[in-house]
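Numbering (UniProt numbering), first residue to last: 1 to 51. Just so you know, even glycine gets a beta-carbon here, dropped at the ideal spot from N, CA and C. Just so we're clear, the structure is a prediction, and the values are computed from it rather than from any experiment.
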Amino acid sequence: MTLPAKPQRRFIKSVLKAAKECETQMPWQRGAARAAMIARRDGKPAMQQRA
Numbered sequence: 001m002t003l004p005a006k007p008q009r010r011f012i013k014s015v016l017k018a019a020k021e022c023e024t025q026m027p028w029q030r031g032a033a034r035a036a037m038i039a040r041r042d043g044k045p046a047m048q049q050r051a
């Protein structure tokens, strides 16, 4: 017979599972794609950043 998981462990497992399934991109992850989309929308060439 196995004992049920403690509530805290169950909670942590559910949080980790939800985080792995998340497909939302953060603003800093989509910067280049967003700039390209805005440039296409406005009909302007996309600006390139230089290091």
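1. According to DSSP, is residue 43 helix, strand or coil?
2. How many angstroms separate the CA atom of residue 22 from the CA atom of residue 42?
3. In this structure, how does DSSP classify residue 30 when only helix, strand and coil are distinguished?
Reading from the atomic positions:
1. Within the sequence shown, numbered from 1, the residue matching residue 43 stands at position 43. Of the three classes helix, strand and coil, the one that applies to residue 43 here is coil, per DSSP.
2. Taking the sequence shown and counting its residues from 1, one reaches residue 22 at position 22. Taking the sequence shown and counting its residues from 1, one reaches residue 42 at position 42. Each residue's Cα considered, the two are about 31 angstroms apart.
3. Here residue 30 refers to the residue found at position 30 when the sequence shown is read from its first residue. Of the three classes helix, strand and coil, the one that applies to residue 30 here is coil, per DSSP.
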